[in-house]
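Residue numbering for the sequence shown follows this note's numbering, starting at 891 and increasing by one per position. In what follows, a structure is listed as C-alpha cells, so that the remarks can point back to it.
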Amino acid sequence: MRLLRSARAGIAVACASTLAAATLAPIASTASSSSAGAEAAPLQSISIKVAKKAITVRGAKGLDAGRIEVSVTGRGVAEIMLFDRGYDEQDFRKDLGKFEQKNDIKALKRFLKNTEILGGVQPGSTGTIVLPKAGDYTVFSFGSRGLGRFSAAAGKSSPAPKHDAKIVGRTGPTWGGSSSLPKKGTLLFKNADKTVPHFVLMQQVAEGTTTDQVLEFFMSEAQGPPPEWFLPGNLETGSLSPGRSMTVDYKLPPGQYVLVCFFPDPNMQGMPHAFMGMIEMVTVG
Ligand SMILES: [Cu+2]
C-alpha cells in the first residue's frame, strides 16, 4: 500500500521531481486574481511560506472567520486545518506518523474524526478558502517539517468568487463537474462526498493517454525517468473535508490532463482514491 506521503504527492513527486523545477515553476504560477468583482468587498488575505523547517503565515493579524484569500510560496501545497477541541498538533503528528509508517488505519480515522480540512493551494498560486468559525488554525504541508499557525475571530462568510470551471468530488468516490476547463481562470473545487476528504491533482499528459496507463504507472511505483506521456502542466489543491469548498486561480498550458485524487480511504485500508475510480481525463484550453 502506498503511504500517505507518496500517495498525497502523487504524480507531482513521482514525476515532477525528475524534471527541472525551472520548467514547472512558471507554468504553475497563476494569473492575477480576477475574482474580486467591482461591488464585492475585498477579502481578507494571508500569505503562507512553506520552507523546509517552518511554515510562516503572514497577514493573519485581526483575521475574522469566513472566506479568506490565501497565497502560497515555497516548497509545497499548504493545507489549512482546524482541529476539534481535545485534539492538537501533537496528536496530529502522532497519527500521521503511525499512518505513514505502519499504515495504521485507526490513526488515520482518529485524525479525520477530529479535523476539518479546509483546502489550500500550491506554491505560486492564490485561492480562497472558508474558515468556518473562530479558532486556532494549523497549516500543514508535505514540503515542510514544521507547522504554521494562525487564529481567527468570529466572522461571517462571503460567497465564493465567480468561477470559470468547477470540479466536484463525489461519493463513490468519483469526479463530477467540468470535463473541459478554460486555460486560465478561477476553479471552484467542492467536496460533495459525505464521507471522506478529496483533493484535486490535475497533471498534463500526452493526447490519447488512458487512465489505465496512468494507473499502471502508479502500481509499478516507478522510479527513474517519467513516462513519455508525462507533460509539465500541473494544478494541485489541498484536501477538503466533506461539504467544504474552495477556489483556486490557475493558468495552465492547453491539452489533456489526468484528474486524480490520492487521498487514502479510511474504509479501504488506506487505498488512494485514484485506485477506487477517482481518475478521469479532462481537457484544458
Ligand atoms: Cu479523494
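Note that beta-carbon positions come from the ideal geometry of N, C-alpha and C, so glycine has one too.
Practice task
Taking only heavy atoms of ligand 1 into account, decide whether any of them is closer than 8 Å to the Cβ of VAL940.
Solution key: no
Practice task
Tell me whether VAL1148 counts as near ligand 1, meaning its Cβ is closer than 8 Å to at least one heavy atom of that ligand.
Solution key: no
Practice task
Please report the residue range of the alpha helix (DSSP H) in which GLU1106 lies.
Solution key: 1101-1110
Practice task
Indicate the three-state DSSP secondary structure (helix, strand or coil) for GLY1066 in the structure shown.
Solution key: strand
Practice task
For GLY927, collect the residues of the same chain with a Cβ closer than 6 Å to its Cβ; drop the 5 residues on either side in sequence, then sort them by chain order.
Solution key: Any answer about GLY927 is weak, because its pLDDT of 46 lies below 50 and its placement is not dependable; what the coordinates show is given next. Closer than 6 Å at Cβ, skipping near neighbours: no residue.
Practice task
Can you grab the Cα-Cα spacing for the pair ILE995 / PHE982, in whole Å?
Solution key: 14 Å
Practice task
Whole angstroms is fine: what's the gap from ALA1042's alpha carbon to VAL1150's?
Solution key: 32 Å
Exercise for the section: Check each candidate in ALA931, GLU959, GLY952 and name the one with the smallest Cα separation from ILE938. Expected result: GLU959
Practice task
Spatial neighbours of SER1034 within its chain, please: CB distance less than 8 Å, with the 5 preceding and 5 following residues excluded, ordered by chain position.
Solution key: VAL940, ALA941, LYS942, LYS943, ALA944, ILE945, GLY964, ARG965, GLY966
Problem - Own chain residues within Cβ distance below 7 Å of PHE1040, not counting five before or after - result: ILE936, VAL947, ALA950, LEU953, TYR1027
Handout entry: For GLY1038 and LYS1141, the rounded distance between their alpha carbons
Key = 27 Å
Exercise for the section: Pick out whichever of ALA1096, TYR1147, LEU1002 has its Cα sitting closest to the Cα of PRO1117. Expected result: ALA1096
Handout entry: Pairwise C-alpha distance: PRO1049 and LEU1078
Key = 12 Å
Practice task
Could you have a look at GLY987 and say whether DSSP puts it in helix, strand or coil?
Solution key: helix
Exercise for the section: With DSSP collapsed to three states, give me the class of MET971. Expected result: strand
Exercise for the section: Pick helix, strand or coil for LYS996, following the three-state DSSP scheme. Expected result: helix
Problem - Proximity of GLY1009 and ILE1057 at Cβ, strictly below 9 Å - result: no
Exercise for the section: Spell out the partners DSSP gives ASN1081 in its beta bridges. Expected result: GLY1059
Practice task
Could you please give me the residues that DSSP links to PRO1162 through a beta bridge?
Solution key: PRO1154
Exercise for the section: May I ask you to list the residues that DSSP assigns as paired with LYS939? Expected result: THR946, THR963
Handout entry: Three-state class that DSSP yields for LYS1141 in the structure shown
Key = strand
Practice task
Please determine, among LYS999, LEU986, ASN1004, the residue with the shortest C-alpha to C-alpha distance to GLY976.
Solution key: ASN1004
Practice task
Consider the C-beta atom of PHE1153 and the heavy atoms of ligand 1; say whether any pair is separated by less than 8 Å.
Solution key: yes
Exercise for the section: For ALA912, name the three-state secondary structure that DSSP assigns. Expected result: The predicted position of ALA912 is uncertain, since its pLDDT is 31 and thus under 50; a value taken from the coordinates is nonetheless stated next. If DSSP states are grouped into helix, strand and coil, ALA912 belongs with the helices.
Practice task
Decide yes or no for the touch test of the region 1090-1104 against the region 1142-1161: beta carbon pairs closer than 8 Å, at least 3 of them.
Solution key: yes
Practice task
Output the distance between the C-alpha atoms of ARG1000 and PHE973, rounded to the nearest integer angstrom.
Solution key: 11 Å
Practice task
May I ask which residues mark the beginning and end of the beta strand (DSSP E) holding LEU933?
Solution key: That residue, LEU933, is in no beta strand (DSSP E); it is neither H nor E in DSSP.
Handout entry: Assigned exposure category for GLY1017 - 16 Cβ within 10 Å defines buried
Key = buried
Problem - Which of helix, strand or coil DSSP assigns to ARG979 - result: Correcting the residue type first, residue 979 is Glu in the shown sequence and not Arg. Note: GLU979 maps to helix in three-state DSSP.
Problem - CB of GLY1160 within 9 Å of CB of ASN1081, strictly - result: no
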